[in-house]
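Mapping of the sequence shown onto my numbering: residues 1060 to 1222, in sequence order.
For reference, the structure discussed in these notes is given below.
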Amino acid sequence: AFVPPHPPAYPAPSEYQVKAAFLYNFAKFVEWPPRAFADANSPLVIGILGDDPFGSTLEDMVRGKSINGRKLVVQRYRRTKEAVCSHILYVCPSERRNVERILNEFKDSPVLTVGDAERFAQRGGVIGFVLEDQRIGFEISVEAARRAGLKISSKLLKLARLV
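See the structure below:
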């Protein structure tokens, strides 16, 4: 009888499982100004703008979790106007042609913009994912974070390349 080879006990996480974990962890190391929330009970919204590459990964990761007493919720958006109530906004690869316009719309909002587009952080995003030696890393624009009124923990800044 044919016996299939055993898959590894722990398959390597996919690119978007890794990125989902980063998005969740970014929430722990960023402080939003009070104006970013309607009230003390408002959830922390992780928004996904464009064609969602995560499937259910991100929801599975944040389900039942809260940060600083705020429940985490995931919302998907097609248009930037809908996304203004997010706290972390992941700009999907499907939106790469619109990156400048999108970032321009959010530049003075207390939103942590995150994306994969080339030079995302240099173009006005707060955190850009980069691939280095087959590993996913990230760049942080301290200037974009300051403009958005976000305080990024030194622990997170140490892990990033600053631009």
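For each residue, glycine too, the CB sits at the ideal point set by N, CA and C.
Residues sharing a beta bridge with residue i, DSSP
i, result
"L1108", "Y1136, V1150"
"I1126", "R1129"
"F1217", "Reading off the sequence shown, one finds Lys at residue 1217, where the question assumed Phe. Paired residue(s): none; K1217 is not in a bridge."
"R1194", "E1191"
"T1172", "L1148"
Cβ pair residue i, residue j closer than 7 angstroms
i, j, result
"A1203", "G1183", "yes"
"I1147", "L1171", "yes"
"T1139", "E1177", "no"
Of the residues the options, the one placed nearest residue i, counting alpha carbons only
i, options, result
"V1158", "V1132, V1185, H1146, K1124", "V1185"
"F1179", "P1112, L1218, I1199", "I1199"
"E1154", "I1211, V1170, D1111", "D1111"
"I1211", "E1090, P1072, N1084", "E1090"
"A1142", "I1105, G1114, K1217, N1127", "I1105"
"F1113", "P1169, D1192, P1072", "P1072"
Assigned exposure category for residue i - 16 Cβ within 10 Å defines buried
i, result
"L1221", "exposed"
"A1097", "exposed"
"G1109", "buried"
"D1175", "buried"
"K1078", "buried"
"L1190", "exposed"
"S1168", "buried"
Distance cut-off 6 angstroms: residue i Cβ against heavy atoms of the ligand ATP
i, result
"V1170", "Ligands in the displayed structure: none, and consequently the ligand ATP is not present."
For the segment 1114-1123 against the segment 1073-1084, are there 3 or more C-beta pairs whose distance is under 8 angstroms?
yes
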